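In this text, residue positions in the sequence shown follow the numbering used here: the first is 6, and each later residue adds one.
Heads up, the beta-carbon is just placed ideally off N, CA and C, and yes, glycines get one too.
Being a predicted model, the structure only gives us computed values, none of them experimental.
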Amino acid sequence: MFKARLVPYRLRFKEAATTSRSTMLDKETFFIELTDTSNSQRRGVGEIPIFRGLSAEDTPDFTSTLQQFCSDFSLDSVPDLSCVKFGVESAMADMAIRTNPITEPFSYQINGLIWMGNKDEMFRRICTKLDDGFKCLKLKIGGIDFENEIDLLRFIRSKFSPDTLELRLDANGSFLPSNALERLKRLSRYGIHSIEQPIKQGQTVEMARIVASSPIAIALDEELIGTWTDAGRINILDTIKPHYIILKPSLCGGFESADKWISLATERNIGWWATSALESNVGLTAIALWLRQYNVTMPQGLGTGALYTNNVASPLRLEGERLIFDPTLPLPDIPAI
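Have a look at this one:
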């Protein structure tokens, strides 16, 4: 049996983080510590990263439900709440590696994430990532004038060909069904690898139509949120037929659910990669550890650990475009409040 301790925490961004949905200055999260009641030395730390405005479980009673669950904690009664499942799974995984430490480093190539901003801000961020040696950039688009975004892509391609720099775009649902294909056609001139969620989730027929005609590979992201059954997953994959799915374990049902998405996508020759969803280093480390079981070769979206001024310590470090798990560094822990 285990007892749970819940610690609320607010992560502060170094710079405002802007998507087409909102601009964030901080990010709410919860840490959960599980301790074996028969051996207090056996403990694990996880993260329950509620994403207000995006998580399926963002309801008025979420916090009280979470507090009650932790008060009466049982592994047999974890609620069907994506970020809570992620938190418990990440805490149990942390407990496992505290018991049997990882001794060899491992790493992943990651994409350089370019947040929305005005044209000058995005230009500066792009140049910084290129100087750092990134060979894959992911640009958030849909937050500034579309013509300015086209200008940015034109600039990048004047310096770097598709053979030397992969460009991924994330529209966060900012296009309309009526203009998406025209915009995708214009964007395709710049050698785009893929674009995430061109229109808002839940428009299955429209998304299927766009995927069928798009000159750019389409990746589903928000579309996966809140789908708990294999029947639901199969319906999304078989109806929309995306080229890729983006797996954010804290938003798509936890690690067990993400594994199911991968299995179903692989059966259909649909590609995938994993992405963090603004977790602290606790959650980011958990995702990096989970990903070890897969022989990934594509750049992963795990570069968000450096976003915050008050993040916790981590065994993860960046060297250029590689995220490295360094076993000589401490595992993340709950910060002193």
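Helix, strand or coil at residue i according to DSSP, with G and I counted as helix
{"i": "R10", "result": "strand"}
{"i": "S179", "result": "strand"}
{"i": "L39", "result": "strand"}
{"i": "D31", "result": "strand"}
{"i": "A185", "result": "helix"}
{"i": "A217", "result": "helix"}
{"i": "E284", "result": "coil"}
{"i": "F67", "result": "helix"}
{"i": "E152", "result": "helix"}
{"i": "L307", "result": "coil"}
{"i": "R57", "result": "coil"}
{"i": "T23", "result": "strand"}
{"i": "L312", "result": "coil"}
{"i": "I223", "result": "strand"}
{"i": "R297", "result": "coil"}
{"i": "I245", "result": "helix"}
For residue i, the first and last residue of its enclosing beta strand (DSSP E)
{"i": "E52", "result": "N44 to I53"}
{"i": "G117", "result": "G117 to I119"}
{"i": "C141", "result": "C141 to K145"}
{"i": "L321", "result": "L321 to E324"}
{"i": "S112", "result": "F111 to Q114"}
{"i": "L252", "result": "Y249 to L252"}
Short Cβ contact (8 Å threshold) for residue i with residue j
{"i": "R130", "j": "I119", "result": "yes"}
{"i": "F260", "j": "F91", "result": "yes"}
{"i": "L294", "j": "I102", "result": "yes"}
{"i": "G58", "j": "S27", "result": "yes"}
With 16 other Cβ atoms within 10 Å as the buried cut-off, status of residue i
{"i": "L181", "result": "exposed"}
{"i": "G308", "result": "buried"}
{"i": "V287", "result": "buried"}
{"i": "P320", "result": "buried"}
{"i": "R17", "result": "exposed"}
Start and end residues, alpha helix (DSSP H) containing residue i
{"i": "R273", "result": "Neither: R273 is in no alpha helix (DSSP H) and is coded neither H nor E."}
{"i": "I204", "result": "Per DSSP, I204 belongs to no alpha helix (DSSP H) and is neither H nor E."}
### Query
Is the region 121-138 close to the region 97-111, with three or more CB pairs under 8 Å?
no
### Task
Specify whether the region 187-197 and the region 214-222 touch according to this definition: at least 3 beta carbon pairs, one from each stretch, less than 8 Å apart.
yes
### Query
Are at least three pairs of beta-carbons, each pair with one atom in the region 171-178 and one in the region 198-212, less than 8 Å apart?
yes
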